[in-house]
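A.B. asks: Residue numbers (the working numbering): 132 to 610. For each residue, glycine too, the CB sits at the ideal point set by N, CA and C. Quick one: the structure is below, questions incoming.
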């Protein structure tokens, strides 16, 4: 009996502990507590909804490794004429011109970055076509990197110089403070970019001239923070979740270029100075879900620069132009087509002149701030413009192409209704801008179309049609 008593006590203690645990679990899982937890509103989330921010890489700094110095990289011994022992230290950057052939097996794993260490400031480095260069270019000094074309006397077609880094790596990274980096006649291709942009620059001056960028990843194809960004005759084609181009606090100068994206086109925050987009196409790639915003412009709290948009086409997006607080935008001779909402402005200063806005829902929605529209054309079937109380909206001689009878509709002052049958032919064709064969910018935005169509002028009020007198309208003679 003395041996069975402890066992019984242990069984009783275990049973009591199990009952206590079950009671505690029952108390926590009461139905009232569950219901209260489900219906309790999250007021913080209602005021500031958790929107998905764009990815911004951490500020990049060059590593301590110096190209051309000891110790060498594993498996690679560089060869330079004049050095018998194969070891050299701190050779001067005195070459003004250099040539790199990535197809040479003796060039090493990073031939371009290694060759840049011997190029003097403002020198030029040519990259021969043929074999693609599989590396991430590191730029620490002002330099011109250009693709070397084939000689006309050779008669052979050589593939353009192509930079194709490994998966998850950037194509080129420019160190902070480098002024005067020009990329000319190059092709950048990233098939698995991940969270790394193809071109990354920090407080630098970078120019893309006749350069094509094909990016497939989650980040933006071009990311620049501060400095200056210039584009001429270039194409950026991005398949990403973030906008194709993301520029923050930099002076922007883009002309004769085309930018195609899926989720977004351009996300720009102009820096202190005058920025401009001239003859630029911002085209949505399309697909199952339309792109969100074609051109998004923000303003800085201090030192915000002005943005000039001329001869710009924004086509295929849900919202063509979205302006946030502090942005200062002057838009002229431009075109927004195939969109749900043409222009949305929230706290910005906007001036739109001699442009065409095609939207199915609303042409211009002014939530706050000031906006002025002069000599523009609204079409697409949506409401031309609306301003919230407190916002300033000025309308001066704008035409509204309406499918229904104009005399049945009442528009605000400065909006003149005309039949949609009189819509110019240059505004009817919207498919050519989004076609895949347009690799460059061969067409004109709206400058020549506006010169051909003329400027909208004030129209006299249209009189309602006369009522037809039928049998029921005749008055019977009184007897």
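Excluding the 5 residues flanking residue 435 on each side, which residues of the same chain have their C-beta closer than 6 Å to its C-beta?
C.D. replies: 457
A.B. asks: Using 8 Å as the threshold, is the C-beta distance between residue 379 and residue 356 below it?
C.D. replies: The criterion of a C-beta distance shorter than 8 Å is satisfied by residue 379 and residue 356.
A.B. asks: Let me know the secondary structure DSSP gives residue 252 once reduced to three states.
C.D. replies: strand
A.B. asks: Going by alpha carbons, who is nearest to residue 542 out of 236, 509 and 559?
C.D. replies: It is 509.
A.B. asks: Assign residue 372 to one of three DSSP states: helix, strand, or coil.
C.D. replies: coil
A.B. asks: With a 10 Å radius around its C-beta and 16 neighbouring C-beta atoms as the bar for buried, classify residue 171 as buried or exposed.
C.D. replies: Because residue 171 carries a pLDDT of 45, less than 50, the predicted location of this residue cannot be relied on, and the following value inherits that uncertainty. Exposed: under 16 other Cβ atoms inside 10 Å.
A.B. asks: For my contact list, residue 486 and residue 577 are in at a C-beta cut-off of 8 Å; report their separation, rounded to the angstrom.
C.D. replies: 7 Å
A.B. asks: Compute the Euclidean distance between the alpha carbons of residue 465 and residue 271, then round it to the nearest angstrom.
C.D. replies: 38 Å
A.B. asks: Grab the span of the alpha helix (DSSP H) containing residue 283 for me, first residue to last.
C.D. replies: Looking at the DSSP string, residue 283 is not in any alpha helix (DSSP H), and its letter there is neither H nor E.
A.B. asks: For residue 382, which residues of its own chain have a beta-carbon under 6 Å away from its beta-carbon, when the five flanking residues on both sides are left out?
C.D. replies: 359, 402, 404 and 406
A.B. asks: From residue 481 to residue 334, what distance separates their C-alpha atoms?
C.D. replies: In a straight line, the C-alpha of residue 481 is about 28 Å away from that of residue 334.
A.B. asks: Round the Cβ separation of residue 494 and residue 515 to the nearest angstrom and send it over; I've been treating them as touching at under 8 Å.
C.D. replies: 5 Å
A.B. asks: Using 10 angstroms around the beta-carbon of residue 504, count the other beta-carbons present and answer buried if the total reaches 16, otherwise exposed.
C.D. replies: Only buried fits residue 504, as 16 or more other CB atoms lie within 10 angstroms of its CB.
A.B. asks: What beta strand (DSSP E) runs, 3 residues minimum, are completely inside the region 476 to 558?
C.D. replies: 487 to 505, 508 to 510, 514 to 518, 523 to 527, 529 to 533 and 546 to 550
A.B. asks: Taking residue 246 as part of the alpha helix (DSSP H), name the residues at either end of that continuous run.
C.D. replies: 242 to 247
A.B. asks: Give the DSSP-derived three-state secondary structure of residue 350 in the structure shown.
C.D. replies: In the structure shown, residue 350 sits in coil (DSSP, three-state: anything other than H, G, I, E or B).
A.B. asks: Quick one: is residue 597 buried, meaning 16 or more other Cβ sit within 10 Å of its Cβ, or exposed?
C.D. replies: exposed
A.B. asks: So, with DSSP's three-state summary, where would you put residue 456?
C.D. replies: coil
A.B. asks: Assuming residue 354 and residue 188 form a contact by the criterion Cβ under 8 Å, report the distance between their Cβ atoms to the nearest whole angstrom.
C.D. replies: Under the criterion of beta carbons closer than 8 Å, residue 354 and residue 188 qualify as touching, at roughly 7 Å.
A.B. asks: Quick one: Cα of residue 316 to Cα of residue 330, how far?
C.D. replies: 15 Å
A.B. asks: If you count every other CB in all the chains shown that lies within 10 Å of the CB of residue 269, and 16 or more means buried, which is it?
C.D. replies: buried
A.B. asks: Tell me residue 408's beta-bridge partners as DSSP assigns them.
C.D. replies: 385 and 440
A.B. asks: Provide the residue span of the beta strand (DSSP E) that contains residue 226, from first to last.
C.D. replies: 226 to 231
A.B. asks: Can you tell me whether residue 590 is buried or exposed? The criterion is at least 16 other CB atoms within 10 Å of its CB, across all chains shown.
C.D. replies: exposed
A.B. asks: What's the C-alpha gap between residue 290 and residue 256?
C.D. replies: Those two C-alpha atoms are separated by around 18 Å.
A.B. asks: Do you know whose CA, among 275, 391 and 361, lies nearest residue 423's CA?
C.D. replies: Considering only alpha carbons, the answer is 391.
A.B. asks: Are residue 296 and residue 267 closer than 8 Å when you measure CB to CB?
C.D. replies: yes
A.B. asks: Going by other Cβ atoms of all chains shown within 10 Å of its Cβ, with 16 needed for buried, is residue 448 buried or exposed?
C.D. replies: Residue 448 should be labelled buried.
A.B. asks: From which residue to which residue does the beta strand (DSSP E) around residue 396 run?
C.D. replies: 395 to 401
A.B. asks: From the DSSP output, in three-state form, read off residue 271 for me.
C.D. replies: coil
A.B. asks: Comparing C-alpha positions only, which one of 559, 556, 538 and 300 sits nearest to residue 592?
C.D. replies: Nearest option by C-alpha distance: 538.
A.B. asks: Do residue 250 and residue 274 have their C-beta atoms within less than 8 Å of each other?
C.D. replies: yes
A.B. asks: Starting from the Cα of residue 253, find the closest Cα among 521, 582, 455 and 276 and give me that residue.
C.D. replies: Residue 276 is the option with its Cα nearest to residue 253.
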